[in-house]
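Accompanying notes for the structure given below.
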Amino acid sequence: MLYREAGDFKTSYVADNQTFPIRFDRIGYYVILGVAFLVVPLFITDYWANSIVVPFLIYTIAALGLNILIGYCGQLSLGTGAFMAVGAYGSYKLMTAFPELNIIFVIILAGFITAGVGVLFGLPSLRIKGFYLAVATLAAQFFLIWLFTRQGWFYNYSPTGMISAPTREVFGYPVTGPRASAVSMYMICLCFLVATAWLARNLTRGSLGRQWMAIRDMDIAAEIIGVNPLMAKLTAFAVSSFFIGISGALLFTVYLGAAEAGEAFGIDKSFLVLFMVIIGGLGSIFGAFAGAAFLIVGPVMLKLLLVNTLGWPTDMAAHLEIMIIGALIIVFLIAEPHGIAALWRTIKEKLRLWPFPY
Amino acid sequence: MKMTRLAATLAATMIAAGPALADTLHFPSLSYRTGPFAAGGIPFADGYSDYLTLINERDGGIGGVPIRQTECETAYNTERGVECYQSIRGDNPLVLQPLSTGITYQLIPRTMEDGIPMHTMGYGRTSAVNGEVFNWTFNYPANYWDGASVIINYLLSENDGSLEGKKIALLYHNSAYGREPIPTLTNLAERHGYELLTIGVDSPGQEQGSQWLQIRRERPDYVVMWGWGVMNPTAIQEAANIRFPMENFIGVWWSGSQQDVLPVGQGAHGYKALAMHGTGTDYPIYADMQQYVIDTGKYAGTGDEVGTVLYSRGMYAAMLAVEAAKKAQEIHGVAAITPAMMRDGMANLEITEELMAELGLPNFGPAFSVSCNNHGGSGQAMIQQWDANAREWNLITDWIDPDREMIMEMAMEDSLAFAAENNMTPSCMN
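As you go down the protein sequences, you meet chains G and L in turn. Per my numbering, numbering through the first sequence is continuous, rising by one, with the last residue being 358. Per my numbering, numbering through the second sequence is continuous, rising by one, with the last residue being 788.
Structure representation (C-alpha cells):
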C-alpha cells in the first residue's frame, strides 16, 4: 500500500540509477536526515549523547569501513582495533604537534594516516586469502598495539602512557575535551557519519565497488575479465582503513577524551566491529547501522531496563546482559544468517506486495 | 537510525520514571563485580557499601540526612566508566571513587568541569596531590609514588641504608595504572644506585611466562609488583614455580589481598605487600557491623568478604568519605550538602588517631590532614607479609614514610605541565 513502485516513473538514466529508487525510501531518507540534523540536537541530553548516540555514530563509521573490506571485497580482517588506534594516536600526534590545525582536518588526516598503514598491512592479502589473511591482520593488531604502548614517541613520553585530547573548537564551539557540549559532539560525529556513509554508498555503487565485489565473488574470474587484484584489494584496504581511522580518531578525541592503546583498542574492539558487520549484514550499508545499533545501543538499553527500572543488582545485570546479547546474536544468525540487513530486505519485499501478496 | 530513536524515547521515559529523591546524600559506587578484575572489585564495593549502610542503620545517616547509595558496573572498562559517569553526574553525586586509574584519567577533566569531587585512594593520577591544579581530585592518604618510595625505603632499611649495585625488577600491569611508579623508581634508582628493570605484563595478565623467564635470566635481587586482578595470583604462582625467594617479592597495596595469595597455597608463604591500612576483624567497629549490617542481612554482595584486605579498603574509603561529609556539614552549617560543599569538606579533612579510635578503627590508618594545596595526605604505608600456614597477613613494620620531598617536586612538575596544557592558572579554590 504505502511502500510500492507503481506510479513511480523514471524518465532519465540518472533517476533510474539513484540510490533510493522507491519514493517512500527516498522520503524516509530525507526525513531521517532532517530529524537527525534538526530535531535531535534540540532534544538530546548529555546522557543520551554520551552513552548511546555518539558511540553509536562512531562505531557505525568503523562498521562501514570494515564492511567495505569484508562485505564488499571479501578480505577478512581482525586488525580493526589496531587501525582505530592508528587513527586515535594519529589524531593525538597531529593535535599536539599542530595545535592550530582545525580538528576536522586532524580527523581527516588521521584517516589518511590509517589508510597508509592499512595498505601496508593489506599487502599480504595479495598472496594469502581467507583465514590466513585473518591471521596476518591479527599480527597487525598485536604489533601496532605493542608499538603504541611501548614506544614513548607515540604518547609524547607521558609517564602513564595515556593520551588525552586537548580542547579543540569548531566554529567557536568546543567539540573535544570536557567543555564540549552534547550537541556539538553529536553534530560533529553525525557530519562525519553522513559524509562517510554517502561516500561508502557511492563508492560501492561505482566501478571501484564492482571491482571489489568481483574480487570477493571469485578473484580468478575477476582477474580474467580485467580487474586488477592489486588495485582492487589495496584500495579496499585503504578506503576501509580510512573509515576505521576516522572512527578511531573520533572515539578518542570526541568520545573518550583519554585513551590507552591496550585497553581501548584491544582485540575485543576488532571482534566487536566484526560482529557488528556480521550481525548487521555483510555487504550492506544499512547493515553497518543496524549492527552498530544492536551491539552498542542494545547493551545500554538492557542495563537501563535491568538496573534502573527493575532495580536488579549490577553484577547480575552485567552477566545477564552478556547472556542475552549472546543469545540474541545466535537467534539472529539462525533466523537470518545474512544479518539484520537481509531481514530488512525481506520486510521490504513483503511490504511492496502488501496487502495483496501472491 | 530508526532503532536508536525508538530506543531513546523508550529509555527517556525510563529515566523520567525514577526522579532523584530529595534530602539524601548520594554516594555512588562505580564498582566492578564482573570481568577479569572482579576479584578485587567485589570486596572493595562490598566494604564501601557496608560501611555506608552501617552509618545509615546505626546513626540514621550523616548529620541526620540519610545516605542514598547507587551502584554502576564498569567492569574496569573505561568506556563503561564514562557511561556510568554520565548516568550519575546529574544526580548530585557527592564523591566519585572509580577504583580504576584508567577511568580516573578520563574523569579528571570532566569532574573539574562539572564540579564533582573525586577521591582516588591509593590510585589514580599521582600529581593530583597538587590541589592548586586538581581542585576536585583527591588522592589521600597515599598514592603510587608514595608506595614506590615506601618500598625503596623499606628495602634501604633492610640493606643497611644502601641499595648500591642491587638489581630491582618492576613487574607491572601494562596500563596507566602499572606505569605510574616508573618515574619514581627511575629517579630513586639514580639516587640510590640500584639498577631498575621494568617488565610489563599485558592486561589482564594471565600470560607471564616470558616475563618470569626474563626474571630468571636477569636474577634481580628484588621484584616489585604493580599488579591487579588475575595478574596477582598468576605472578605469585610463577614466582613460586621458579623458586624466587618470596620475601624478596613485594607487591603494591593492590597486589596484597587474600585472593592474590590463597590460590598459590603454601608457595605464597612469605610474600610481602604494602598495606595502607590495617586488616582483619579485630577492630571494635566490626561489633556494630555485625549487629547492624550483617545480622540484619543488609550487607552488600554475598557477605563473605568481611574483614579481607580489599573489603577493609572499601570500608576505609567510605569512612574517609563520611568524615569528609561531616566536615563539610560542619563548615557550611547545612546538613544536606552539595558536591561543592563536599569538596570543601575533603579539602579540610583532618584524621587524627583519636578520631580513628572513636570510630572504632584504632590504628587502622595513618593520621593525616588535607589542605587546599596538598590533596595527598601523609603517604605512609606499612609492609605486610603473608603467612600461608595461618592464612593471614601480618604487619611486619610500622608506618614507613615516603620520600615526600622528591615526590612533591615531581608532582609539581607533572601537575604544572597539565595546567599549562589546559591553560589553567593554579590556584586554591575557596
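Glycine included, each C-beta is placed from N, C-alpha and C at the ideal position.
- Within its own chain, the residues whose Cβ lies closer than 6 Å to the Cβ of Ser485 (chain L), once the five positions on either side in sequence are excluded, are Ala769, Asp772, Ser773, listed in chain order.
- Around the beta carbon of Met699 (chain L), 16 or more other beta carbons lie within 10 angstroms, which makes this residue buried.
- For secondary structure counted as the beta strand (DSSP E) over 3 or more consecutive residues, the segment 629-674 of chain L holds these complete runs in sequence order: 630-633.
- Straight through space, the alpha carbons of Ser184 (chain G) and Ile347 (chain G) are spaced by roughly 35 Å.
- Interface annotation, Met162 (chain G): in contact with chain L, CB-CB separation under 8 Å.
- Contact with chain G is found for Ile540 (chain L), since one of that chain's Cβ atoms lies less than 8 Å from the residue's Cβ.
- DSSP, read as helix, strand or coil, puts Asp381 (chain L) in coil.
- In the displayed model, Ile573 (chain L) falls within a helix according to three-state DSSP.
- Taken in chain order, the unbroken stretches of beta strand (DSSP E) that lie wholly in the segment 593-626 of chain L and span 3 residues or more are 607-609.
- With a minimum length of 3 residues, the unbroken runs of beta strand (DSSP E) contained wholly in the segment 528-583 of chain L fall at 553-559.
- Between Val170 (chain G) and Ile104 (chain G), the C-beta spacing is below 8 Å.
- Not a single CB atom of chain G sits nearer than 8 Å to the CB of Ser515 (chain L).
- With a minimum length of 4 residues, the unbroken runs of alpha helix (DSSP H) contained wholly in the segment 222-287 of chain G fall at 229-250, 261-264, 267-280.
- Counted as a single uninterrupted DSSP element, the beta strand (DSSP E) harbouring Leu753 (chain L) occupies residues 750-753.
- Non-local beta-carbon contacts of Asn752 (chain L) in its own chain, meaning distances under 7 Å to residues more than five positions away in sequence, involve Gln742, Gln743, Asp745 in chain order.
- Beta-bridge pairing by DSSP links Glu429 (chain L) to L:Ser387.
- The segment 54-69 of chain G and the segment 228-246 of chain G touch, with no fewer than 3 CB-CB distances between them shorter than 8 Å.
- Counting only runs of 4 or more residues that sit fully inside the segment 55-100 of chain G, the alpha helix (DSSP H) segments are 80-97, in chain order.
- The beta carbon of Thr783 (chain L) sits no closer than 8 Å to any beta carbon of chain G.
- In the DSSP assignment, Ile741 (chain L) falls within the beta strand (DSSP E) that extends over 740-745.
- Per DSSP, the continuous alpha helix (DSSP H) segment holding Ala317 (chain G) begins and ends at 314-335.
- Val54 (chain G) and Leu193 (chain G) have their C-alpha atoms spaced approximately 10 Å apart.
- Interface residue (Cβ-Cβ distance to chain L less than 8 Å): Ala318 (chain G) is classified as such.
- Contact between Pro475 (chain L) and Phe496 (chain L) is confirmed by a C-beta separation of about 7 Å, below the 8 Å threshold.
- Within 8 Å of the CB of Thr314 (chain G), the CB atoms of chain L belong to Ser389, Arg391, Glu429, Cys430, Glu431, in sequence order along the chain.
- Under the DSSP definition of a beta bridge, Pro451 (chain L) partners with L:His384.
- Closest option to Met766 (chain L), judged by alpha-carbon separation, among L:Tyr409, L:Asp408, L:Val487: L:Val487.
- Per DSSP, the continuous alpha helix (DSSP H) segment holding Leu203 (chain G) begins and ends at 182-205.
- Rounded to the nearest whole angstrom, the CA to CA distance from Phe98 (chain G) to Thr167 (chain G) is 13 Å.
- With respect to the 8 Å criterion, Thr542 (chain L) and Ala500 (chain L) are not classified as neighbours on the basis of their beta carbons.
- Between Thr478 (chain L) and Arg671 (chain L), the alpha-carbon positions lie close to 12 Å from each other.
- For Lys10 (chain G), no alpha helix (DSSP H) segment is defined, and its DSSP state is neither H nor E.
- Only those residues of the segment 42-54 of chain G whose C-beta falls short of 9 Å from the nearest C-beta of chain L are listed: Phe43, Ile44, Thr45, Asp46, Tyr47, Trp48, Ala49, Asn50, Ser51, Ile52, Val53.
- Among the bridge pairs identified by DSSP, Asn488 (chain L) is matched with L:Asn732.
- Contact annotation: in the segment 249-274 of chain G, residues whose CB is within less than 7 Å of a CB in chain L are Leu256, Gly257, Ala258, Glu260, Gly262, Glu263, Ala264.
- In the structure shown, the three-state DSSP call for Met476 (chain L) is strand.
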